[in-house]
Amino acid sequence: MTAVRRLTIILCLAATAASAQTSTPGSRPKKTTTPTTTATDISAFDQAQTGSRPRTEPVTVATDKDVTNPRALRLSLDEAVRTTIQKNLGIDLSRYDFRENGQLLLEAYGPFDPLATAGISRAKASAPVTSQLNSTKSSRTIVDYGLQDFVPWGGTYSLQLNNSQSRSNNAFATLNPDLESSVGIGISQPLLRNFGIDVNTRGITIARNNLGISREVFRSVLINTADTVDKAYLNLIFARQSVEVAKEALFLARDQSRITQIRIDVGASAPLDILQPRVAVATSEENLITAEALVRSSEDRLRQLMNLDIADWDRPILPTDAIAYKPTTVDMDSSVTRALQLRPELREADLNIANQKLTYLFARNQVLPRLDLNVNYGFAGAAGNLFQADPNDPTKRVLVSNTGFGDSLQQIFKTTFPSWTIGINVGIPITNIGARAEAKRAELNVQRTITDKANQQQGIVFDVREAVRNLDTAGQQIGATRTAREAAESNLDAERKRFENGMSTNFTVLQIQADLSNARQRELQALVGYEQAISDYHRAVGDLLDVRNITVQDPETYSVPAIPFQSSRWLNYGPWLRTDQTPAPAATNP
């Protein structure tokens, strides 16, 4: 092929191509294309379907009806605390413990209760004749009166009035009937072992300290119960607001599912894209069910603490107090100092130490030998029909005088016939190993209770410092969670716009929606946690009852007798004991 022919063919092909490009649109061949849907098309379709496809409906649950329930119990935190203090069963049990220790205190005075005695007896006897000097028939009537008591410094005393009448058929009896009376006093006083008011009244002192311990335990129960009610009330607020968060999360999930279905209907999304929103809807429904159940569980917990009547357990509880962040500033050092002054555990520890020191004092006293002083003093009198031998007939007896019990008692009052006895009893243990071992054990118990108090002090310091840190941390978390929630809301708005413009996916939108729900939940939890941290702080310091304006009163008061000469140093064993383990001051009288 020549060069001219090749050039001619190229020119012809070029002319044909130029003719095809400049042809009219009607002469062009038809071409099949895929329609492109924009966000404007979706929005227009959504607006066109408003009449047949409604917007996403608000989410409703059973707890929404509680607001309009006429039997709903609207309750403030102060009302919840006061009702619990009055009706809580655990507090009632503590009241019984206090009353029981009060009765034990009264019982400890029993050994010092004077005992009055009286006795009467009648006896008759018959015997065979063995001698003209003996009687074959006799009778005797005895009437005795007495009073005995145990004195606080360790001694005992007794008063006795004895009266007797004897009759016999003995012809040689000088007095027949024989009327005898006597009165006497007996005193026994330990001088070493068991001497001292503090030793012999240790039961009273320990019982009084135990009553003080019960008082502090009762106060601890009140503080812990008030703290528990605070948290239960706040948990109910958290549960009810968690329902609102869960409702909003379910609404967003359903709305996203609705939008996805619209995109599928207009051909902007594949049918399989609806699966992810359906999973989110089901998950949100599950979370809402759990949140609603938490409301009922929190209500029951508060009902239990308040000890409501069973008939009122079906009444929904609506907290009237709102959660609001009010910054609270506390000083750690002053809080620790105040806690060491107010915490009932330390007062209880002081009373325990006092009891152990008193036990040690008694144990040291029991190491001493026994040295007791015994004194008896009394008077006697006699009366009756006085017979003497007849001077004219020695075998006969004649009545000389006739006297009665009055004459016998007159002799006693005139101290005509006195009598007395004085003596000392001594007892010295050879090895005394048991008493010395007991004293050593009591000393170890004193040291143990002092160490236990130091350990409690460390625990209280740690408790207070941790409560202060938790309070500060909770306050900072509120700001952080609030910022996170606001950012999550803005992020969701932006992502939904991207989704409407086809620049995002269902997975991303649903993930951001879940992040928003979690952010709202964390913010709510931070607000509730801050209020609970405040309650924990006041519990750790020991002034929670003062904050709640609750005055602690003893469940019952007791009137006890006074112990004479209790403050006399020379009648107490402690001042004579050379040791640094002397008893601590006892608790104040109830």
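For the sequence shown, position 37 (counting from the first letter as 1) is numbered 47 according to my numbering, and the numbering increases by one without interruption. Even for Gly, the Cβ is constructed at its ideal location relative to N, Cα and C.
Hey, could you find the ends of the beta strand (DSSP E) residue i is sitting in?
i: Leu125; result: Leu125 to Ser136
i: Arg602; result: Residue coverage of the chain in this structure runs from 11 to 600, which leaves residue 602 outside it and unanswerable.
What residue does the alpha helix (DSSP H) around residue i start on, and which one ends it?
i: Pro287; result: Leu285 to Met316
i: Arg9; result: The first residue shown for the chain is 11 and the last is 600, placing residue 9 beyond what the model contains.
i: Val562; result: That residue, Val562, is in no alpha helix (DSSP H); it is neither H nor E in DSSP.
i: Ile233; result: Arg212 to Asp275
i: Ile432; result: Segment Phe427 to Gly437 is the beta strand (DSSP E) holding Ile432; no alpha helix (DSSP H) there.
i: Leu350; result: Met342 to Leu352
i: Val557; result: Leu554 to Val557
i: Glu67; result: First-last for Glu67: undefined, no H or E at that position.
How many Å lie between residue i and residue j at the Cα?
i: Glu302; j: Arg357; result: 44 Å
i: Ser345; j: Arg229; result: 19 Å
i: Asp10; j: Ile284; result: Shown here, the chain extends from 11 to 600; a query on residue 10 therefore has no answer.
i: Ala82; j: Ser279; result: 48 Å
i: Gly584; j: Ala464; result: 25 Å
i: Asn365; j: Val474; result: 28 Å
i: Glu226; j: Ser198; result: 40 Å
i: Ile560; j: Leu99; result: 18 Å
i: Ser145; j: Val408; result: 18 Å
i: Val456; j: Ala359; result: 11 Å
i: Arg325; j: Ile333; result: 23 Å
i: Asn435; j: Leu116; result: 33 Å
i: Leu185; j: Phe397; result: 6 Å
i: Lys40; j: Pro281; result: Its pLDDT being 37, under 50, Lys40 is placed unreliably by the model, and the measurement read from it follows with that caveat. Between Lys40 and Pro281, the C-alpha separation is close to 30 Å.
i: Ser577; j: Phe122; result: 17 Å
i: Leu125; j: Ser411; result: 39 Å
i: Asp76; j: Pro337; result: 32 Å
i: Leu312; j: Val91; result: 10 Å
i: Pro574; j: Leu587; result: 21 Å
i: Ala118; j: Ile101; result: 26 Å
i: Asp74; j: Leu103; result: 38 Å
i: Asn180; j: Asn402; result: 20 Å
i: Gln486; j: Thr459; result: 41 Å
i: Trp580; j: Phe205; result: 11 Å
Does the separation of the CB atoms of residue i and residue j fall below 8 Å?
i: Asn582; j: Ile207; result: yes
i: Ala536; j: Ala498; result: no
i: Asp417; j: Ala449; result: no
i: Thr431; j: Asn386; result: yes
i: Asn111; j: Asn234; result: no
i: Gly165; j: Pro200; result: yes
i: Leu368; j: Leu202; result: no
i: Ala236; j: Leu520; result: no
i: Val193; j: Ile422; result: yes
i: Asp341; j: Leu87; result: no
i: Ala133; j: Arg105; result: no
i: Leu189; j: Gly414; result: yes
i: Leu304; j: Ala249; result: yes
i: Tyr547; j: Leu502; result: no
i: Ser191; j: Phe108; result: no
i: Val538; j: Ile247; result: yes
i: Leu352; j: Val562; result: no
i: Thr515; j: Arg268; result: no
i: Ala494; j: Ala524; result: no
i: Asn375; j: Val161; result: no
i: Ile95; j: Leu232; result: yes
i: Leu169; j: Ile130; result: no
i: Ala128; j: Ser148; result: no
i: Pro287; j: Thr300; result: no
i: Lys257; j: Val69; result: yes
i: Tyr243; j: Tyr540; result: no
For residue i, which residues does DSSP report across the bridge?
i: Gly391; result: Ser191
i: Asp382; result: Pro200 and Asn435
i: Ser411; result: Leu396
i: Arg84; result: Leu328
i: Leu587; result: DSSP output for Leu587 lists no bridge partner at all.
i: Leu99; result: DSSP, once it has assigned bridges, lists no residue as partnering Leu99.
i: Leu185; result: Leu396
Unbroken stretches of the beta strand (DSSP E), 3 residues or longer, contained in the stretch 486–540: none
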